[in-house]
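Participant: Take this structure first; my questions come after.
Protein chains in written order, with our numbering: chain S, 1 to 693; chain A, 1001 to 1064.
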């Protein structure tokens, strides 16, 4: 029998403490939201976030746990029922938490908030804080809860089970396309950061021999000594950052590492191919270790730097760019803010992880809130920190770094003049000075989040650890840290994509399925690399710098997946006959549907659409005119084609969303009319009956 | 104090390894002993290799 749901009552002391926290949180948020004129300190934002997250976790998280999911600590989870010592292992809850957080925290929460800072820090902050409490954390937690009751099955599997095989297939195609867009956009972030930066390119390139060394060490010398080899690798990485300065200053070596966007894109495509064909122990695994530890360490360092340096937020709370005329990305606050900040507020990608390894590790259903809901709150905090790092920069520097050259020009004089006209007064000298401080020739038009965050982080760290030339060191450290884990995602994603493609190809020609076969392996890898490589190359030659074009596509795709995951959660709530709580996943699902459809529509028709861009270049071509940055008719044709491809992608995503919504609605109506629960949960087994003493 | 430190260290090592796709070896050995006493116990190096291969076989993955 299912145990009665426990509702712990608050003691009087706890009531007072939580009320006090609520008042502090409300006051801090009030300061963040209402104070105008003078810059406010970032600590207000940190305090408001922590209060809101604590209250959300304690009250809303608990409500979802007890009333909506009805999680039951006496019920045996998959890790106990199917314990195999490898994939299914009951694990200590904080270990699972650490693992889950490391898996969900990536480049997403660092890039989106930086781009969204063009509208000021307030819109992004509010969306992250309330989006995560009511949508993002609910999604992660509910999908984890669903998977826990279904032997730790994946999102795709659950969709097939609850909705039927065809809707399940439609959703999985969506996931594959989303993955290709994610890989392309992330690789583009790296390209943007390394363009004409010999120092950055050298340090990132140096990670390859370092990883090979580590791989050999782990294979032949000290097998499995991950931590030991990572310390050794990390030392070499820091040495390569230090050495990069001499490469950049050398007349002979600098040109070798001084690459333009196109060349970098080709290198990344070639690299992605090699990395996913080579044995994993040689390159992929060691880089994975480095990037995981560096990521967690750097997030900790960033938190420490923000608290110690306590920077003032120089960006206004709200800028005039909420009207959709911003240079970083086009489009109004609604719906584009909610598309731009995906990871950090709500990210569909997490539903794949929450139904991956994590549900197979949890030792008890009672620990799911800490891992699912709590893990996502931590990621939201990473997003808030990224926002703080961007907003604490001089707004003139921020816009110079994030606007495309088509808008601000290619020289510091043009850039300073244009940006000053927007009301963010900056001099050419200030822009030159910033570039000089971080050891780069130029900081103009480096959209993509990584460089902005790197300058912000470098200045924060320099505040607490001053020293001659240290800003440049920290800047390249931050670039390396982002590039490293993005490239790991690209390698691992290419490999996963390759297996998916081999599986599909196997349906047509059986031998292609064999993952050990070199023909199938090379062919599927090439297809996968070409798929994301096409979008990457397109981004590298894009007149608006790529991120401006591709990030909305990524946002639409990611939020589409989140909407699908939340619709699944809604359906299950109805199937369990808990219709009273249908709004818990239902409202965020509807909100994301509205946002993705509205953004998709604007990207399909209207002034900022891919269609308009394609038509503009096509019309110019017809009259024999050349539009910047195209220098030939062929380049013009390429821009037209690329925009048409993006149009098709947008339309495809919208069709997917509509189809999935209809499938879900049909299933919801059926389940509502049935008078008994119809969800596909595994039967209840008491933990006490299976747990070994 | 030393006990707390040892527990913290164990937690950190276990989490760090799990983040790299390598679950706890001792737990696996214990599982083999209690559930499959007929199987040979792999060495840590063998166990590590098998897990590294399994990690990148597809599914799951990590976030953007």
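We treat Cβ as the ideally placed atom computed from N, Cα and C, and that holds for glycine.
#1: I need the DSSP call for residue 41 (chain S), collapsed to helix, strand or coil.
#2: State yes or no: is the C-beta of residue 556 (chain S) within less than 8 Å of the C-beta of residue 339 (chain S)?
#3: Check the Cβ of residue 1003 (chain A) against every Cβ in chain S and list those closer than 9 Å, keeping chain order.
#4: What would DSSP say about residue 317 (chain S), mapped onto helix, strand or coil?
#5: Can you look up residue 149 (chain S) in the DSSP assignment and give me helix, strand or coil?
#6: Starting from residue 549 (chain S), find everything on chain A with Cβ-Cβ shorter than 8 Å and list it in chain order.
#7: With a threshold of 8 Å, are at least 3 pairs of Cβ atoms found where one atom belongs to the stretch 1007 to 1017 of chain A and the other to the stretch 596 to 603 of chain S?
#8: Residue 1023 (chain A) CB to nearest chain S CB: under 8 Å?
#9: State the DSSP-derived secondary structure class of residue 3 (chain S), mapped to helix, strand or coil.
#10: Comparing C-alpha positions only, which one of S:150, S:171 and S:92 sits nearest to residue 563 (chain S)?
#11: Grab me the residues of residue 398 (chain S)'s own chain with a C-beta within less than 7 Å of its C-beta, minus the 5 sequence neighbours each way, in chain order.
#12: Is residue 361 (chain S) helix, strand or coil when you go by DSSP?
#13: Measuring CB to CB, does residue 300 (chain S) end up less than 8 Å from residue 112 (chain S)?
#14: Hey, is the stretch 122 to 130 of chain S in contact with the stretch 323 to 330 of chain S, meaning 3+ C-beta pairs nearer than 8 Å?
#15: Could you work out which residue in S:404, S:402 and S:358 is closest to residue 90 (chain S) when comparing CA atoms only?
#16: Do three or more CB pairs link the stretch 476 to 485 of chain S to the stretch 442 to 460 of chain S at distances below 8 Å?
#17: Taking all protein chains shown into account, decide if residue 285 (chain S) is buried (16 or more other Cβ within 10 angstroms of its Cβ) or exposed.
#18: If you run the structure through DSSP and keep just helix, strand and coil, what is residue 686 (chain S)?
#19: Can you list the residues of chain A that residue 92 (chain S) reaches, using a CB-CB cut of under 8 Å?
#20: Please confirm whether residue 224 (chain S) has its beta-carbon closer than 8 Å to some beta-carbon of chain A.
#21: Does the structure place the stretch 12 to 23 of chain S close enough to the stretch 50 to 57 of chain S that three or more beta carbon pairs sit under 8 Å?
#22: Taking only beta-carbon positions, decide if residue 1053 (chain A) is within less than 8 Å of chain S.
#23: Give me the Cα-Cα distance between residue 352 (chain S) and residue 155 (chain S), rounded to the nearest whole angstrom.
#24: With C-beta atoms as the reference, is residue 529 (chain S) less than 8 Å away from residue 273 (chain S)?
#25: Interface residues of chain A around residue 289 (chain S) at Cβ under 8 Å?
#26: Nearest to residue 446 (chain S) by alpha carbon, out of S:115, S:29 and S:106?
#27: Drop a sphere of 10 angstroms on the beta-carbon of residue 434 (chain S), count the other beta-carbons inside from all chains shown, and report buried for 16 or more, exposed for fewer.
#28: What did DSSP end up calling residue 1045 (chain A) once you bin it into helix, strand or coil?
#29: Roughly how many angstroms lie between the CA atoms of residue 87 (chain S) and residue 265 (chain S), to the nearest whole one?
#30: Does the stretch 667 to 676 of chain S come within contact of the stretch 67 to 86 of chain S, defined as at least 3 CB pairs closer than 8 Å?
#31: Going by CA-CA distance only, name the one from S:625, S:57 and S:546 that's closest to residue 376 (chain S).
#32: Since residue 285 (chain S) meets chain A, which of its residues come closer than 7 Å, beta carbon to beta carbon?
#33: Within 10 Å of its beta-carbon, does residue 15 (chain S) have 16 or more other beta-carbons around it, so buried, or fewer, so exposed?
#34: To the nearest angstrom, how far is it from the Cα of residue 1004 (chain A) to the Cα of residue 38 (chain S)?
#35: Are any of the Cβ atoms in chain S nearer than 8 Å to that of residue 1008 (chain A)?
#36: Restricting to Cα atoms, I'd like to know which of S:44, S:407, S:571 and S:242 is closest to residue 472 (chain S).
Facilitator: So, to answer that:
#1: strand
#2: yes
#3: Chain S residues near residue 1003 (chain A): none, gap ~16 Å exceeds 9 Å.
#4: coil
#5: Residue state, collapsed to three classes: coil.
#6: By Cβ distance, chain A contributes nothing, its closest Cβ being about 17 Å from residue 549 (chain S), past 8 Å.
#7: no
#8: Judged by the 8 Å Cβ criterion, residue 1023 (chain A) is in contact with chain S.
#9: Its pLDDT being 43, under 50, residue 3 (chain S) is placed unreliably by the model, and the measurement read from it follows with that caveat. Three-state DSSP puts residue 3 (chain S) in coil, outside helix and strand.
#10: Residue S:171 is the option with its Cα nearest to residue 563 (chain S).
#11: 117, 315, 390 and 452
#12: Assigned with DSSP and collapsed to three states, residue 361 (chain S) falls in coil, not helix or strand.
#13: no
#14: no
#15: S:358
#16: Touching, yes, given that three or more Cβ pairs across the two stretches are closer than 8 Å.
#17: buried
#18: strand
#19: 1011 and 1014
#20: yes
#21: yes
#22: Chain S contact via Cβ: present.
#23: Spanning the two alpha carbons is a distance of roughly 6 Å.
#24: yes
#25: Under the 8 Å cutoff, chain A gives 1020.
#26: Looking at the Cα atoms, S:115 is the closest of the given residues.
#27: buried
#28: helix
#29: Straight-line measurement puts the Cα of residue 265 (chain S) at about 36 Å from the Cα of residue 87 (chain S).
#30: In short, these stretches do not touch, since the Cβ pair count stays below three.
#31: When only C-alpha atoms are compared, the closest one is S:57.
#32: 1052
#33: exposed
#34: 46 Å
#35: no
#36: S:242
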